[in-house]
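Participant:
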Amino acid sequence: MTVAYEGFRKLVLDRSGLVLTADKDYLLKSRLEPLARKDGFLGLDQLLAKVGAEPSGALAQRCIDAMATHESFFFRDTTPFDQLRDTLLPDLIAARAQSRTLRIWSAACSSGQEPYSLAMLLMEEQARMPGWRIDILATDMSLPILERARTGLYSDFEVRRGLSDARLARWFTRQGDQWLLSPQVRSMVRFAPHNLLAGTAGLGRFDLVFCRNVLIYFDREHKRAALGQMGQALEPHGALVLGSAETVVGLDSAFAPVVGLRSVFRPG
Ligand SMILES: C[S@@+](CC[C@H](N)C(=O)[O-])C[C@H]1O[C@@H](n2cnc3c(N)ncnc32)[C@H](O)[C@@H]1O
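Here it is as structure tokens:
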């Protein structure tokens with residue numbers, strides 16, 4: 000089994016950048032055993048042998064997804080959204096006054112709370128940007144999580160994590176035991192599959208990239224690769240917003256921290 004685990008750890012690292020240390024073997028077992036059973040494999044060895052033989056296949060991707068952390072919540076960490084409203088947005092409104100277009104990429108968006116928080120905030124600030132075209136692209140490597148995100152449906156628990164009562168009342172309606180995000184906000188976000196290690200040429204260029212709470216799980220080499228791709232996707236005056244525990248410092252990337260802002264970086 001250890002050999003199979005070793006091969007699987009390498010597959011996950013090579014294909015996603017996610018590091019699974021040996022002390023996470025219990026996670027491999029608990030997350031992959033149900034998948035193996037569901038697909039009729041006799042056990043993990045058989046599943047991992049099949050995945051090893053077809054590392055680019057859909058089954059391999061499902062196994063990799065199963066090992067990712069998908070936790071997310073609305074207006075996570077607050078500060079990035081306050082900084083967007085108070086500093087980044089005014090700068091961009093001035094810089095893009097001619098084109099009146101704003102493009103934001105939520106990279107590794109999970110179940111959608113991050114891009115939808117961005118959309119809600121921009122709707123709330125709409126009076127400052129009359130007639131602007133706002134494009135929010137939200138990507139993740141996991142197809143099932145993107146499907147979930149597209150529904151705009153959240154549980155009681157999920158809407159209570161990060162949403163004020165005012166925002167809940169303004170942007171959501173009850174649907175059975177869930178909450179449905181307004182079509183107006185949902186229509187501002189486009190979801191698409193994308194791996195952070197892949198080229199960004201097909202995505203276009205962005206004024207802002209939010210890539211939060213994912214690089215923390217990558218090793219140094221893959222962090223640098225992903226940062227390189229995001230650097231290519233940013234407009235010259237664009238900014239990268241990372242998670243509160245993430246930084247580019249010490250990675251020898253093309254980014255430098257923005258003085259006075261937390262977890263915001265610009266191409267050097
Ligand atoms: C913890 S969630 C972060 C969600 C959101 N950004 C936030 O901060 O709340 C991490 C997401 O990264 C995605 N992910 C992991 N590796 C990836 C990769 N190489 N390319 C694209 N997405 C990846 C996972 O599928 C997962 O949905």
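Its first residue numbered 0, the sequence shown is counted upward by one per residue in numbering that gives the first Met the number 0. All C-beta atoms in this analysis are idealised placements derived from N, C-alpha and C, irrespective of residue type, glycine included.
1. Within 10 angstroms of its Cβ, does Tyr-115 collect 16 or more other Cβ (buried), or is it exposed?
2. State the DSSP-derived secondary structure class of Val-263, mapped to helix, strand or coil.
3. At a cut of 8 angstroms, does the stretch 43-58 reach the stretch 164-184 through at least three beta carbon pairs?
4. What first and last residue would you give for the alpha helix (DSSP H) that runs through His-221?
5. State yes or no: is the C-beta of Thr-78 within less than 9 angstroms of the C-beta of Arg-265?
6. Just mark Glu-123 as buried or exposed, buried being the case when its beta carbon has 16 or more other beta carbons within 10 Å.
7. In whole angstroms, what separates the C-alpha of Leu-233 from that of Arg-204?
8. Measure how close the beta-carbons of Gly-269 and His-221 come, nearest whole angstrom, since I'm counting them as under 8 angstroms.
9. Apart from the five residues just before and just after Glu-32, which ones in its own chain have a Cβ nearer than 7 angstroms to its Cβ?
10. Just tell me which of Ala-191, Arg-127, Gly-237 and Leu-162 has its CA closest to the CA of Asp-139.
11. Measuring only the C-alpha atoms, how far is Ala-94 from Leu-101?
12. Would the beta-carbon of Leu-241 fall within 9 angstroms of that of Leu-214?
13. For Thr-68, which of helix, strand or coil comes out of DSSP?
14. Classify Phe-209 as buried or exposed, calling it buried when 16 or more other Cβ atoms lie within 10 Å of its own Cβ.
15. Which residues in the same chain as Leu-121 place their Cβ atom closer than 6 angstroms to its Cβ, once the five residues preceding and following it in sequence are excluded?
16. Determine the closest residue to Ile-271 out of Arg-185, Gln-177 and Ser-163, with distance taken between C-alpha atoms.
17. Would DSSP call Gln-174 helix, strand or coil?
18. Buried or exposed: which applies to Ala-126, given that a residue is buried once 16 or more other Cβ atoms fall within 10 Å of its Cβ?
19. Should Gln-60 be counted as a contact of ligand 1 given a C-beta to heavy atom distance under 8 angstroms?
Facilitator: Reading it off the structure:
1. Position 116 of the sequence shown, counting from 1, holds the residue named residue 115. Tyr-115 is buried by the Cβ-count criterion.
2. Residue 263 sits at position 264 when you count from the first residue of the sequence shown. Reduced to three states, the DSSP call for Val-263 is strand.
3. no
4. Your numbering for residue 221 matches position 222 in the sequence shown. That run of the alpha helix (DSSP H) goes 219-232.
5. Here the question's residue 78 lines up with position 79 in the sequence shown. Here the question's residue 265 lines up with position 266 in the sequence shown. Their beta carbons are not under 9 angstroms apart, which means Thr-78 does not touch Arg-265 by this criterion.
6. Here residue 123 refers to the residue found at position 124 when the sequence shown is read from its first residue. Glu-123 comes out exposed.
7. Taking the first residue of the sequence shown as position 1, residue 233 is located at position 234. Taking the first residue of the sequence shown as position 1, residue 204 is located at position 205. Between Leu-233 and Arg-204, the C-alpha separation is close to 5 angstroms.
8. Given a span of 0 to 267 for the chain in the structure shown, any question on residue 269 remains unanswerable.
9. As a working note, residue 32 is residue 33 in the sequence shown. So the qualifying residues of the chain are Leu-43.
10. Working through the sequence shown from its first residue, we reach residue 139 at position 140. The shortest Cα separation from Asp-139 among Ala-191, Arg-127, Gly-237 and Leu-162 belongs to Ala-191.
11. Translated into the one-based positions of the sequence shown, residue 94 becomes position 95. Translated into the one-based positions of the sequence shown, residue 101 becomes position 102. Straight-line Cα distance between these residues: approximately 10 angstroms.
12. Within the sequence shown, numbered from 1, the residue matching residue 241 stands at position 242. Within the sequence shown, numbered from 1, the residue matching residue 214 stands at position 215. Yes, the Cβ-Cβ distance between Leu-241 and Leu-214 is below 9 angstroms.
13. The sequence position of residue 68 within the sequence shown is 69, counting from 1. The answer is coil: DSSP assigns Thr-68 none of H, G, I, E or B.
14. In the sequence shown, counting from the first residue as 1, residue 209 sits at position 210. Buried is the call here.
15. The residue you call residue 121 lines up with position 122 of the sequence shown. Excluding sequence neighbours, Leu-121 sits near Ile-133.
16. This structure leaves residue 271 out entirely; the chain is present only between 0 and 267.
17. One-based indexing of the sequence shown puts residue 174 at position 175. In the structure shown, Gln-174 sits in a strand (DSSP, three-state: E or B).
18. Stepping through the sequence shown from its first residue, residue 126 is reached at position 127. Ala-126 should be labelled exposed.
19. As a first step, residue 60 must be located in the sequence shown, where it is residue number 61. No, since every heavy atom of ligand 1 falls outside the 8 angstroms radius drawn around the Cβ of Gln-60.
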